[in-house]
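What follows is a single structure, written as structure tokens, with notes after it.
Residue numbers (this note's numbering), protein chains in the order written: chain A, 34 to 475; chain B, 69 to 549.
Put into structure tokens, the structure is as follows:
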């Protein structure tokens with residue numbers, strides 16, 4: 034008998050109640066209350082099916098129902114720390130956190146005074162009490178069922194605080210490793226990043242699926258607060274996630290003069306869904322969203338972004354590019370809201386896609402909702418193939434068909450790298466893009 | 069009263085000049101909707117058995133459907149049992165010449181500037197006038213018949229050309245297509261029917277003029293246009309209603325069927341009563357319009373100027389089934405005061421080398437909400453499909469909203485899809501430039517808006533283009549400053 038959406042909820046409700054028992058009242062009542070609200074919201078709204086507008090093109094719930102064998106789910110205790118060294122990106126130094134199936138297994142520690150990284154599960158009741166004004170305030174458990182699930186089971190994760198005026202010398206690097214070699218796993222992690230006034234940092238999140246023997250489902254949620262004039266570069270690297278089911282909810286709040294640059298790159302995965310929500314609550318803010326997806330096989334990559342301009346004089350810019358091959362599917366939904374108070378907003382959005390095969394699909398929905406009149410907003414979306422004239426130009430200069438298309442695709446994709454300033458990362462991603470394009474073409 | 073106030077007063081009173089009501093005897097069904105009402109309508113129209121069955125079938129489907137909640141509009145729940153589904157001006161059965169039409173009726177259409185009288189032959193537009201869901205007069209019938217063109221009311225078509233109606237009705241918009249289409253299929257009272265035979269180029273513009281007159285009634289008309297191989301027709305549609313404090317429902321269906329190399333151009337100037345400036349009254353305009361390019365090389369072009377209605381919910385669409393077929397959609401949607409519009413198009417590319425073009429211009433003023441919602445879908449089989457979409461919004465005032473919801477689904481690598489959208493306001497420098505040359509602000513806005521909409525207005529037949537330009541200026545009156 035096939036599992037239904039109700040079974041899925043049942044399963045996670047059981048998980049929730051046994052998880053509650055293990056906590057045994059050791060937690061702040063405020064956080065407990067948040068979990069309770071979240072599980073209620075999940076039970077009320079249910080997991081999204083494709084008739085749900087937000088998940089119209091992304092049958093992730095169906096994929097869970099179909100292939101996820103919860104009865105065989107691997108117990109999540111880790112008795113010994115697995116050797117994870119080989120999965121780290123060589124040369125990428127920083128303050129490193131490694132989560133293995135949702136458990137923190139490595140924390141490089143040794144942080145300077147102005148940076149604190151603490152495991153979420155190790156916080157004292159008092160600390161939890163203090164953070165309750167941030168936790169669960171941005172991740173909306175009413176709107177997204179997976180965010181609700183993450184909030185209900187909130188336990189493992191990190192709290193990263195950048196003190197006033199910090200300028201970090203090294204990036205914070207967070208690895209999310211999923212190992213489903215022993216059986217199907219559901220893993221989740223939760224992050225809270227607080228950047229105080231004038232703090233400046235780079236945070237790199239890396240998602241990896243280590244084994245395709247069983248299904249691994251990863252559910253990550255982050256809440257990021259940028260105080261006045263704080264600056265953050267946020268990377269999401271999803272290049273080693275073959276066979277993964279992944280939902281990532283990232284919610285950012287910006288205060289006056291703050292700047293955020295988000296870079297999301299996805300090249301593999303079964304079904305991957307990224308929700309990037311930015312709420313601009315200050316003036317003169319800058320928000321950049323930079324995305325690239327290169328997909329083939331039967332992968333489905335879905336990027337949903339939302340910029341909510343609530344205050345005047347801010348600027349947002351979004352560029353998502355994609356190359357889709359085989360029977361893969363790309364989904365893009367970019368929303369820009371300009372609220373009545375957000376006069377003089379400049380908001381731009383662009384989504385460009387190239388389809389390489391007749392069975393590839395691209396569904397895009399660039400959406401503008403504007404309630405203020407003195408604004409400049411535009412969006413554009415294109416889907417097509419390489420320009421025959423450009424290919425011809427290169428061929429007339431002696432390149433063969435493959436080289437010519439390869440060069441053009443490379444040029445199309447590497448626009449993403451123009452905004453990646455960290456040299457180690459730039460080199461690493463360039464290699465990945467090149468390899469990936471080589472696979473796509475052959 | 070200061071001079072400014074006086075001017076303002078004038079504007080508000082000149083808001084809607086078609087808001088008069090004609091006192092005319094009507095023949096109505098009781099309020100409510102059930103199978104008996106449908107039998108009543110069918111009997112009134114002396115319909116054959118198959119037509120009644122078709123209606124009842126639609127009604128049964130409708131009962132199982134839910135009213136769509138996804139449009140970006142809000143309105144109080146509609147009580148479908150509180151509407152009169154059939155109302156007809158009383159007159160002698162099927163007038164054979166215009167002289168037999170009730171003079172009061174003729175007067176009404178005269179006030180609206182619709183040329184029912186033959187002496188207006190010079191304007192060269194054949195009109196089918198529909199009042200409260202019933203066709204009251206169709207002009208130029210005989211002349212068109214010489215060419216083999218059938219242009220008559222829908223009920224006449226059911227009587228005289230049942231084979232055509234049976235074959236095509238519901239072939240583009242099936243009865244269970246959506247909630248309002250099902251409702252219309254069950255209770256539609258009349259509408260226009262147009263058939264252009266093979267190879268005929270219709271020599272004049274065909275036009276339907278819709279008028280809601282009676283209170284508490286819903287208007288449910290149905291238009292069916294069939295263009296046979298190689299034919300051409302240009303079709304116009306206009307509409308007005310009296311000013312009333314209540315909301316009236318208008319749920320129409322337009323179906324266009326184009327065979328090989330046929331071309332149909334359908335233009336609408338929609339000017340239903342939009343309600344007063346506090347949002348009281350006005351028409352709920354829930355319309356399903358769809359064209360099927362069945363044959364290769366066929367072309368369907370929709371042009372609409374939407375200035376009226378309290379709520380507009382309308383997506384004129386093209387199904388590009390034939391190879392090399394072309395679909396076009398040109399739209400200007402203007403909302404002022406408390407109006408809400410959720411309008412756009414669907415372009416479904418099925419055949420090879422199909423092309424579509426979407427130009428949508430939204431203007432919102434006052435406290436209105438204006439949404440563009442569109443779908444461009446390229447099927448895997450639609451090799452070399454091409455689409456260009458442009459949807460621009462113009463915001464006047466800081467209490468209105470403009471929204472775009474474009475869905476673009478591409479299932480084929482050879483497709484070329486472009487979509488662009490901008491939102492902006494009228495620049496102060498533009499207004500200043502006009503002021504400086506002696507054009508007052510109000511006229512300057514009208515001028516700029518007309519320029520902004522020009523791309524769409526240029527698509528309209530000349531008679532309509534003039535009317536549309538005036539309408540635009542009228543709708544936006546008082547919205548500046």
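The beta-carbon is built from N, C-alpha and C at its ideal position, and this holds for glycine as well.
Three-state secondary structure assigned by DSSP to residue i
i, result
"residue 155 of chain A", "helix"
"residue 430 of chain B", "strand"
"residue 1 of chain A", "Outside the shown range of chain A (34 to 475) lies residue 1 of chain A, about which nothing can therefore be said."
"residue 189 of chain B", "The predicted model places residue 189 of chain B with a pLDDT of 41, which falls under 50 and marks its position as unreliable; any figure quoted below should be read in that light. The answer is helix: DSSP assigns residue 189 of chain B an H, G or I state."
"residue 333 of chain B", "strand"
"residue 254 of chain A", "strand"
"residue 509 of chain B", "helix"
"residue 140 of chain A", "strand"
"residue 122 of chain B", "helix"
"residue 464 of chain A", "helix"
"residue 533 of chain B", "helix"
"residue 409 of chain B", "strand"
"residue 78 of chain B", "Because the pLDDT at residue 78 of chain B is just 43, under 50, the model does not fix this residue reliably, and the value given afterwards should be weighed accordingly. Residue state, collapsed to three classes: helix."
"residue 372 of chain B", "strand"
"residue 315 of chain B", "strand"
"residue 50 of chain A", "helix"
"residue 195 of chain A", "strand"
"residue 45 of chain A", "helix"
"residue 520 of chain B", "helix"
"residue 227 of chain B", "helix"
"residue 549 of chain B", "Summary for residue 549 of chain B: the model assigns pLDDT 43, below 50, so the residue's position carries little reliability, and this model does not support an answer."
"residue 295 of chain B", "strand"
"residue 473 of chain A", "helix"
"residue 151 of chain B", "coil"
Residue i - partner residues in DSSP beta bridges
i, result
"residue 327 of chain A", "A:356"
"residue 402 of chain A", "A:370, B:471"
"residue 388 of chain B", "B:361, B:417"
"residue 274 of chain A", "Per DSSP, none; premise fails for residue 274 of chain A."
"residue 156 of chain B", "B:95"
"residue 72 of chain A", "Paired residue(s): none; residue 72 of chain A is not in a bridge."
"residue 208 of chain A", "A:131, A:239"
"residue 220 of chain B", "B:261"
"residue 295 of chain A", "A:267, A:322"
"residue 114 of chain B", "Residue 114 of chain B is not bridged to any residue."
"residue 335 of chain A", "A:306, A:364"
Beta carbon of residue i nearer than 8 Å to that of residue j
i, j, result
"residue 185 of chain A", "residue 242 of chain A", "no"
"residue 476 of chain B", "residue 398 of chain A", "yes"
"residue 287 of chain A", "residue 259 of chain A", "yes"
"residue 364 of chain A", "residue 90 of chain A", "yes"
"residue 481 of chain B", "residue 61 of chain A", "no"
"residue 179 of chain A", "residue 252 of chain A", "yes"
"residue 128 of chain B", "residue 110 of chain B", "no"
"residue 276 of chain B", "residue 323 of chain B", "no"
"residue 536 of chain B", "residue 373 of chain B", "yes"
"residue 296 of chain B", "residue 259 of chain B", "no"
"residue 223 of chain A", "residue 254 of chain A", "yes"
"residue 532 of chain B", "residue 335 of chain B", "yes"
"residue 392 of chain B", "residue 319 of chain B", "no"
"residue 416 of chain A", "residue 156 of chain B", "no"
"residue 321 of chain B", "residue 264 of chain B", "no"
For the structure I just gave you, are there three or more beta carbon pairs, one from the stretch 137-147 of chain A and one from the stretch 163-175 of chain A, closer than 8 Å? Taking a cut-off of 8 Å for Cβ pairs, the stretch 137-147 of chain A and the stretch 163-175 of chain A do not touch, as fewer than three such pairs fall below it.
Whole alpha helix (DSSP H) runs in the stretch 442-491 of chain B with 4 or more residues, listed along the chain? With a minimum length of 4 residues, no continuous alpha helix (DSSP H) run stays inside the stretch 442-491 of chain B.
4-residue-minimum alpha helix (DSSP H) runs that sit fully inside the stretch 234-285 of chain B, ordered along the chain: With a minimum length of 4 residues, the continuous alpha helix (DSSP H) runs that stay inside the stretch 234-285 of chain B are 247-255.
Are at least three pairs of beta-carbons, each pair with one atom in the stretch 373-382 of chain A and one in the stretch 458-473 of chain A, less than 8 Å apart? These segments do not touch.
At a cut of 8 Å, does the stretch 381-397 of chain B reach the stretch 353-373 of chain B through at least three beta carbon pairs? In the pairwise beta carbon analysis, the stretch 381-397 of chain B is classified as touching the stretch 353-373 of chain B: at least three pairs are separated by under 8 Å.
Would the stretch 111-125 of chain A and the stretch 349-359 of chain A be scored as touching if the rule is three or more Cβ pairs under 8 Å? As far as the Cβ criterion goes, the stretch 111-125 of chain A does not touch the stretch 349-359 of chain A, which means the pair count is below three.
Which ranges would you report for the alpha helix (DSSP H) in the stretch 411-455 of chain A if only whole runs of at least 4 residues count? As far as the stretch 411-455 of chain A is concerned, its whole alpha helix (DSSP H) runs of at least 4 residues are 421-429, 434-446.
State whether the stretch 452-471 of chain B contacts the stretch 420-439 of chain B, with contact taken as three or more CB pairs (one from each stretch) at a distance under 8 Å. Because the criterion of three Cβ pairs below 8 Å is met, the stretch 452-471 of chain B and the stretch 420-439 of chain B touch.
Are the stretch 494-514 of chain B and the stretch 409-429 of chain A touching, with three or more C-beta to C-beta distances below 8 Å? No contact exists between the stretch 494-514 of chain B and the stretch 409-429 of chain A.
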